[in-house]
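For the protein sequence lines, the chains are V and H, in the order given. Quick note, the first sequence lines up with residues 1 to 420 if you use UniProt numbering. Quick note, the second sequence lines up with residues 1 to 260 if you use UniProt numbering. Ideal Cβ placement from N, Cα and C applies to all residues, glycine included. Notes to accompany the following structure.
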Amino acid sequence: MSFERIKEKLNILADAAKYDISCSSSGSKRANNNKGLGNSDGVGICHSYTEDGRCVSLLKILLTNHCIFDCAYCVTRKSNDIKRAAFKVQEVVDLTMNFYRRNYIEGLFLSSGIFNSPDTTMERLVAVAKKLRLEENFNGYIHLKSIPGASDELMMEAGLYADRLSVNIEIPTISGLKLLAPDKNHADFIKPMQAVKTGIQQYKNEKKIIRSTPKYAPAGQSTQMIVGATGESDRDVMYSAAYYYKKYEMKRVYYSGYIPVANDTRLPALGSPVPLLRENRLYQTDWLLRFYGFDIRELLNEEHQNLDLDVDPKLSWALRNMHLFPLDVNKAEKYLLARVPGIGMKSVYKILEARKHRALNWEHLQKIGIALNRAKYFIHCNSREWEKRDLSALQVKGFILQNSQSKFRKEYSNQLSLFN
Amino acid sequence: MNTSVIISYDGSFDGFLCVVFASFEQHLQISAIHPEIELQQDFFSAPLLILTEEAKANRVKTGLTKCMSATSRRKLYWAFLSELPGIELTLLQYVQMAFKESKFRGTDFGDSVILRVTQVAKMVSREKHRMEAFIRFKLTKDDIYFAGIEPDFNVLPLISKHFETRYADQKWIIYDYKRKFGLYYDLENVVQIHLEFSEDIKDHAHNPKFYDTSELEFQKLWQHYFSSTNIKSRKNLKLHLQHVPKRYWKYLTEKSSLLN
Numbered sequence: 001m002s003f004e005r006i007k008e009k010l011n012i013l014a015d016a017a018k019y020d021i022s023c024s025s026s027g028s029k030r031a032n033n034n035k036g037l038g039n040s041d042g043v044g045i046c047h048s049y050t051e052d053g054r055c056v057s058l059l060k061i062l063l064t065n066h067c068i069f070d071c072a073y074c075v076t077r078k079s080n081d082i083k084r085a086a087f088k089v090q091e092v093v094d095l096t097m098n099f100y101r102r103n104y105i106e107g108l109f110l111s112s113g114i115f116n117s118p119d120t121t122m123e124r125l126v127a128v129a130k131k132l133r134l135e136e137n138f139n140g141y142i143h144l145k146s147i148p149g150a151s152d153e154l155m156m157e158a159g160l161y162a163d164r165l166s167v168n169i170e171i172p173t174i175s176g177l178k179l180l181a182p183d184k185n186h187a188d189f190i191k192p193m194q195a196v197k198t199g200i201q202q203y204k205n206e207k208k209i210i211r212s213t214p215k216y217a218p219a220g221q222s223t224q225m226i227v228g229a230t231g232e233s234d235r236d237v238m239y240s241a242a243y244y245y246k247k248y249e250m251k252r253v254y255y256s257g258y259i260p261v262a263n264d265t266r267l268p269a270l271g272s273p274v275p276l277l278r279e280n281r282l283y284q285t286d287w288l289l290r291f292y293g294f295d296i297r298e299l300l301n302e303e304h305q306n307l308d309l310d311v312d313p314k315l316s317w318a319l320r321n322m323h324l325f326p327l328d329v330n331k332a333e334k335y336l337l338a339r340v341p342g343i344g345m346k347s348v349y350k351i352l353e354a355r356k357h358r359a360l361n362w363e364h365l366q367k368i369g370i371a372l373n374r375a376k377y378f379i380h381c382n383s384r385e386w387e388k389r390d391l392s393a394l395q396v397k398g399f400i401l402q403n404s405q406s407k408f409r410k411e412y413s414n415q416l417s418l419f420n
Numbered sequence: 001m002n003t004s005v006i007i008s009y010d011g012s013f014d015g016f017l018c019v020v021f022a023s024f025e026q027h028l029q030i031s032a033i034h035p036e037i038e039l040q041q042d043f044f045s046a047p048l049l050i051l052t053e054e055a056k057a058n059r060v061k062t063g064l065t066k067c068m069s070a071t072s073r074r075k076l077y078w079a080f081l082s083e084l085p086g087i088e089l090t091l092l093q094y095v096q097m098a099f100k101e102s103k104f105r106g107t108d109f110g111d112s113v114i115l116r117v118t119q120v121a122k123m124v125s126r127e128k129h130r131m132e133a134f135i136r137f138k139l140t141k142d143d144i145y146f147a148g149i150e151p152d153f154n155v156l157p158l159i160s161k162h163f164e165t166r167y168a169d170q171k172w173i174i175y176d177y178k179r180k181f182g183l184y185y186d187l188e189n190v191v192q193i194h195l196e197f198s199e200d201i202k203d204h205a206h207n208p209k210f211y212d213t214s215e216l217e218f219q220k221l222w223q224h225y226f227s228s229t230n231i232k233s234r235k236n237l238k239l240h241l242q243h244v245p246k247r248y249w250k251y252l253t254e255k256s257s258l259l260n
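Next up, the structure:
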């Protein structure tokens, strides 16, 4: 292969693919039974991290950045004057194999601009995955993009070779989509999601009867939403997310703070800062939904349409529900412990195990790894010391903020700093 | 009355199990356990050397299997591989606790020994995971994928299986420069090897004499990929360093400076 030409394509097509943030390589079991290359045991590995702090787990590229659509938020849009390139199927296969053999990556994340038609594009993506699996005996992770508008038959085939399929909803509200991507249809996004969900269920059912039934997208499907492009509220974003988790059994929903890539009056101007803090709070909320047993309506509702920026969503919830606290760490039920600010799920497990043996005091809790600076206002334990003052939510918040350093402080603090 | 003794042993896990054996058999009050090489002469108390005998080690293993859960045994072994000074004494206390119970799970996290073993095992587990992530193979002229590492803890025994199942169709070597041994997979089995390197081996990392002609090209491609996939407007060096501490950069093709 000509390394010069490949290098040029790689630069263009990796650059264009980087706005897709999913880089998950976990959740798929694909054992290396055929003395081939690669083995997925369900644990993801981040092989590197870029200078923006994001994980590099997969070779994430576009097959091509030629596109017939003109979505305002997208760097690859038809009207954008950028260099275009396209990989051949074999080139992607060779790159994946050679990177994998050197332990650079867990696998391939292949997406594409839509050239010609959705079906032609999808067909080409499937061809890469098929070749890797059948000709190269590759058992690493493959994440394919579902192309909106691709036929159900192609989606069924894609799932046989890919570990994960995803289609990005991008704009959380239908009105936003109409504004920014007038030639795309909301239903076109939903169709491949539904196809994949059906595929997963169908193969799962068949596997119960015939054990040799092949795997279909064993790592499930995911989607991504851009936040901060259309003036949507956190409630809009998270209610959509909760809907996709439930309705299409998504493994993950990703939130991507909008990075200005166009001079367009419909969008934040070039050079506006990426809403990193907001993105962070959305992910925290997502975790509370998936691992901590919260219902989205507890965190965001008619009265609270947006998440607090100065405190995390769990603390924010606790401050609105002071009547539930303080809890006795040595007696409280698991689901309640999980709701205490400063106690994560791993600490919940450790507390539940440890308290079978003895009543825990502050020292135990600190050593186990609980963030007492937050937790101490919401719990008591085997000690005569606890917060006895009847503090209001506002006071508690004040104390906590006073005694903590958030890396984001400058982004929500209105006070003028003396020295810069 | 027993006076307390200082123990020395050969530094292997079997050796440590023999120390456990001796402590029970001879009712020893042990105040410190050192691997032979680390031992400093102390004029007041000569160390008691415990020899490694496979039969005794196996008896202890059988005993541990009976009274400990698989997870708590794994923690014992992994924490041992940390090679942290003094960890053996903590582990001895851990084993003594286990033998007192019939079904030891090691989950009494309010106990300082159990918590320490759990936390050290976690440190080793992190290093293991990092090696699985940060090892970079280079294709040699002999058609062997080679990687040299210097992990903080002795994790080669823990990562062997991972690389064996993953790279089943290519020959590879992972060599620990610090502990002077490595793993070699010959397409059939993984064997332990010892290699002699010239002093300047690390300067030869890109020497075309050793590596396949395409090797450098793929390294460059990877570097190009790494810089193209970065989003400049999200730059966050603090987070970057948190995930990839500087001591690991020496392994990473993408952090070395051979671009162009």
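Inset, instruction - Give me the Cα-Cα distance between Arg5(V) and Pro341(V), rounded to the nearest whole angstrom. - result: Approximately 53 Å, taken between the alpha carbons.
Inset, instruction - Can you have a look at Pro208(H) and say buried or exposed, based on whether 16 or more other CB atoms are within 10 angstroms of its CB? - result: With a threshold of 16 other beta carbon atoms within 10 Å, Pro208(H) falls short and is exposed.
Inset, instruction - Go ahead and label residue 422(V) buried or exposed: buried means 16 or more other beta carbons lie within 10 angstroms of its beta carbon, across all protein chains shown. - result: Because chain V spans 1 through 420 in this model, residue 422(V) falls outside it and cannot be assessed.
Legend entry - First through last residue of the beta strand (DSSP E) which encompasses Ser4(H): Note, Ser4(H): beta strand (DSSP E), 4–9.
Inset, instruction - Using beta-carbon positions only, say whether Ser4(H) and Ile30(H) come within less than 8 Å of one another. - result: Contact: yes.
Inset, instruction - Throw me the rounded Cβ distance for the Ala195(V) and Asp152(V) pair, which I believe falls under 8 Å. - result: The C-beta distance from Ala195(V) to Asp152(V) rounds to 5 Å, short enough to meet the 8 Å contact threshold.
Legend entry - Residues in the segment 308–342 of chain V having any Cβ partner in chain H nearer than 9 Å: Considering only beta carbons, no part of the segment 308–342 of chain V lies closer than 9 Å to chain H.
Legend entry - Every unbroken beta strand (DSSP E) within the segment 230–274 of chain V, with a cutoff of 3 residues, ordered by chain: Within the segment 230–274 of chain V, the complete beta strand (DSSP E) runs of at least 3 residues are 252–257.
Inset, instruction - Report yes or no: do the segment 108–118 of chain V and the segment 132–143 of chain V share at least 3 C-beta pairs separated by less than 8 Å? - result: Result yes; three or more Cβ-Cβ pairs closer than 8 Å.
Legend entry - Of the residues Ala393(V), Lys376(V), Lys350(V), the one placed nearest Glu385(V), counting alpha carbons only: Nearest to Glu385(V) by C-alpha distance, out of Ala393(V), Lys376(V), Lys350(V), is Lys376(V).
Inset, instruction - Closer than 7 Å, Cβ to Cβ, to anything on chain H: give me those residues from the segment 353–369 of chain V, in chain order. - result: Listed in sequence order: Glu353, Ala354, His357, Arg358, Leu360, His364, Lys367, Ile368.
Legend entry - His357(V) in three-state terms, based on DSSP: It is coil, neither helix nor strand.
Legend entry - Within the segment 126–173 of chain H, ranges of the beta strand (DSSP E) (whole runs, at least 3 residues): Listed in chain order, the complete beta strand (DSSP E) runs (minimum 3 residues) inside the segment 126–173 of chain H are 144–149.
Legend entry - Buried/exposed call for His224(H), threshold 16 Cβ in 10 Å: By the beta-carbon neighbour count (other beta carbons within 10 angstroms, threshold 16), His224(H) is buried.
Inset, instruction - Tell me whether Ser40(V) is buried or exposed, calling it buried when 16 or more other Cβ atoms sit within 10 Å of its Cβ. - result: Burial state of Ser40(V) is buried, judged by a 10 Å Cβ sphere holding 16 or more other Cβ atoms.
Inset, instruction - Could you check if His364(V) is buried or exposed, using at least 16 other CB atoms within 10 Å of its CB as the buried criterion? - result: By the neighbour-count rule (16 or more Cβ atoms within 10 Å), His364(V) is buried.
Inset, instruction - Run the CB neighbour count on Thr265(V), radius 10 Å, all protein chains shown included, and call it buried at 16 or more, exposed below. - result: Result: exposed.
Legend entry - Pro313(V): first and last residue of the uninterrupted beta strand (DSSP E) it sits in: Run containing Pro313(V): none in the beta strand (DSSP E); it sits in the alpha helix (DSSP H), 313–320.
Inset, instruction - Could you run through the UniProt domain "Radical SAM core" (62–195) of chain V and flag, in chain order, every residue whose CB is less than 8 Å away from some CB of chain H? - result: Against chain H - using a Cβ distance shorter than 8 Å - the residues of the UniProt domain "Radical SAM core" (62–195) of chain V are Leu95, Asn98, Phe99, Arg101, Arg102, Asn103, Tyr104, Asn137.
Legend entry - His364(V) - DSSP class collapsed to helix/strand/coil: Here His364(V) sits in helix by DSSP.
Legend entry - Proximity of Gln284(V) and Ile21(V) at Cβ, strictly below 8 Å: Against a cut-off of 8 Å, the Cβ pair of Ile21(V) and Gln284(V) comes out as no contact.
Legend entry - Cβ neighbour criterion (16 or more within 10 Å) applied to Asn260(H): With a pLDDT of 45 at Asn260(H), under the threshold of 50, the modelled position of that residue is not reliable, and the figure given next carries that caveat. Asn260(H) comes out exposed.
Inset, instruction - Consult DSSP for Thr173(V) and reduce its assignment to one of helix, strand or coil. - result: Judged by DSSP in its simplified three-state form, Thr173(V) adopts coil rather than helix or strand.
Inset, instruction - Report the residue ranges of all beta strand (DSSP E) runs contained in full by the UniProt domain "Radical SAM core" (62–195) of chain V; include only those spanning at least 3 residues, in chain order. - result: 107–111, 141–145, 164–166, all fully within the UniProt domain "Radical SAM core" (62–195) of chain V.
Legend entry - Cross-chain neighbours of Leu237(H) in chain V, by beta carbon under 7 Å: Under the 7 Å cutoff, chain V gives Glu51.
Inset, instruction - Identify whether Ala371(V) lies in helix, strand or coil by the three-state DSSP scheme. - result: Assignment of Ala371(V) by DSSP, reduced to helix, strand and coil, places it in the coil class.
Inset, instruction - Consult DSSP for Ile200(V) and reduce its assignment to one of helix, strand or coil. - result: The three-state secondary structure of Ile200(V), taken from DSSP, is helix.
Inset, instruction - Apply the 10 Å Cβ neighbour rule to Asp52(V) and answer buried if 16 or more other Cβ atoms are within range, or exposed otherwise. - result: Classification of Asp52(V): buried, given that the 10 Å Cβ count is 16 or more.
Legend entry - chain H contacts from the segment 16–50 of chain V (Cβ-Cβ distance under 7 Å): If the cut-off is 7 Å between Cβ atoms, the segment 16–50 of chain V has Lys18, Asn32, Lys35, Gly36, Leu37, Gly38, Asn39, Ile45, Cys46, His47, Ser48, Tyr49, Thr50 near chain H.
Legend entry - Beta carbon proximity, Glu219(V) to chain H, threshold 8 Å: Sequence inspection shows Ala at residue 219(V); the Glu mentioned does not correspond to that position. No, Ala219(V) lies away from the interface with chain H (no Cβ there is under 8 Å from its Cβ).
Inset, instruction - Work out the CA separation of Arg374(V) and Phe134(H) for me, nearest whole Å. - result: In a straight line, the C-alpha of Phe134(H) is about 35 Å away from that of Arg374(V).
Inset, instruction - Output the distance between the C-alpha atoms of Gly231(V) and Tyr258(V), rounded to the nearest integer angstrom. - result: Each residue's Cα considered, the two are about 11 Å apart.
Legend entry - One or two residues paired with Tyr49(V) in a DSSP bridge: In the DSSP secondary-structure assignment, Tyr49(V) is bridged to Cys55(V).
Legend entry - Coil, strand or helix - Leu309(V) by DSSP: Coil at Leu309(V), not helix or strand.
Inset, instruction - Would you please verify whether the beta carbon of Lys350(V) is less than 8 Å from any beta carbon of chain B? - result: Absent from the structure: chain B. Protein chains present are V and H.
Inset, instruction - May I ask you to report which of helix, strand or coil DSSP gives Ile209(V)? - result: Ile209(V) falls in the helix class under three-state DSSP.
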